[in-house]
Amino acid sequence: MPSRRRRPRSTRTRSSRRSSRSTLTSLGVVVAVAIAGYVLHATGVLPTDAEGAPQATGGPDTSARAATARQQLEALPVKGKAPATGYDREGRFGTAWLDVDHNGCDTRNDVLARDLTDTERQGPCKVLRGTLVSPYTGERVDFVRGNRTSTLVQIDHVVALENAWRTGAQQLSQTEREALANDPTNLFAVDGHSNAQKRSGDAATWLPAHTAFRCTYVEHQIAVKTTYRLWVAPAEHDAMARVLDRC
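Residue 1670, in the numbering used here, is where the sequence shown stops; the numbers in between run on with no holes.
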C-alpha cells in the first residue's frame, strides 16, 4: 500500500486556534440573533414561518414570548403619565422618516418592504406597490403609492410617540428618541383606519380588532418600553397583563 503523506503540523499555537474558534462562534451567535430578531420584528414569529406582514401564532414559542413579556412587564415602573407639555413629533423624535440604520433607505420604505408581499420598487428603496395583510384586522389591503392611495397603508408606532413622551421619553436624549421612533420593533405596516382609530392610545384604551394578534402587539409594546426605559400607567399595566394571561 502506498504510504500516507503526513500533514505538516500547524504552526499556529493552540491559543490562537482557540481564539479563532471563539471568534467564529461569537460571530455565528451574533448573526443568528440578528436574523432571528429581524424576523421576529417583521412577523411576530420565529424564522421558521416568516413571510411578509406580522402574523399571530400559537404554540410553545408564543407561550415562551408571553412569559418573557410578563417578566419584563413586572420590572417596568408603574406610575401616572406626565403631561404632554412640550411634545412635538418632529422636534422631539425627528423628521418622518429617517435612515437611522444607514442602509440608504428611509424607515418607512424599510418597513413597507418588510411587511408587504408582492412588492414593486423604484430603485433599491422606494416601494411603489404591494399587498398587506394588516396585523390589526387580518384583512388584505392593496398598497399603491400616490397622493390619494398611500394613506391606505400606514406605519404605526406600537408605542405611540406621544405615549412614549408622557411615560419617560422626555428624559431620553434626542438620539435615543429618534432611535425609538425608527426602531423596527416599534413599527408595523397597518391599515390606515386602525392607525387613525388608535391615535396615541395605550393598551388600556386601544387594542387591535384582530384578537389573535394582541399577544404579539402587547409583547412589542413591553419590549420597546423596556429597551427605552419607559414606564407604564396603572391602567396600561393591567390591560397588558390581561392580554398576556390569554396568550
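From the three backbone atoms N, C-alpha and C, an ideal C-beta is built for every residue, glycine too. As the structure is a computational prediction, the values presented were derived from the model and not from experiment.
According to DSSP, which residues form a beta bridge with residue i?
i	result
Leu1555	Val1564
Arg1544	Val1550
Leaving out the 5 sequence neighbours to the left and right, which residues in its chain are closer than 8 Å to residue i when beta-carbon positions are compared?
i	result
Pro1631	Pro1558, Tyr1559, Thr1560, Ser1617, Arg1637, Tyr1640
Gln1597	Arg1515, Gly1517
His1660	Leu1496, Leu1499, Val1501
Ser1623	Ala1583, Leu1584, Glu1585, Asn1586
Ala1656	Val1501, Lys1502, Gly1503, Lys1504, Thr1590, Asp1625, Ala1627
Ala1664	Arg1493, Leu1496
Gly1527	Pro1547, Cys1548
Quick check on residue i: does DSSP put it in helix, strand or coil?
i	result
Ala1619	helix
Val1655	strand
Val1501	strand
Arg1537	helix
Arg1669	coil
Asn1526	coil
Ala1519	coil
Gly1514	helix
Arg1493	helix
Asn1532	helix
Ala1507	coil
Arg1571	coil
Since residue i contacts residue j with CB under 8 Å, what's their CB separation in whole angstroms?
i	j	result
Asp1614	Glu1562	7 Å
Glu1601	Val1523	6 Å
Val1647	Asn1609	5 Å
Glu1642	Arg1512	Actually they are not in contact, since the Cβ atoms of Glu1642 and Arg1512 sit about 25 Å apart, beyond 8 Å.
Arg1530	Leu1521	The displayed chain sequence assigns Thr, not Arg, to residue 1530. Going by Cβ atoms, the distance from Thr1530 to Leu1521 rounds to 6 Å, so yes, they are a contact pair.
Please go through the same chain and pick out, in chain order, the residues whose beta-carbon is closer than 7 Å to the beta-carbon of residue i, but skip the five residues on each side of it.
i	result
Asp1565	Thr1554
Pro1500	Trp1654
Asp1541	Gly1553, Thr1554
Ala1536	Thr1542, Val1550
Arg1652	Gly1591
Phe1611	Pro1477, Asp1538, Pro1558, Asp1579, Val1581
Ala1507	Glu1585, Trp1588, Arg1589
Asn1671	Summary: the structure shown does not reach residue 1671, with the chain confined to residues 1424 through 1670, and so no result is reported for it.
Excluding sequence positions up to five away, which residues of its chain have a Cβ less than 6 Å from the Cβ of residue i?
i	result
Arg1493	Leu1667
Lys1502	Trp1654
Tyr1417	Absent from the structure is residue 1417, since the part of the chain shown begins at 1424 and ends at 1670.
Thr1649	Gln1495
Trp1629	Lys1621
- Please go through the region 1574 to 1653 and give each complete alpha helix (DSSP H) segment of 4 or more residues, from N-terminal end onward. Runs of the alpha helix (DSSP H) lying entirely within the region 1574 to 1653 and spanning at least 4 residues, in chain order: 1584 to 1589, 1597 to 1604, 1615 to 1621, 1637 to 1650.
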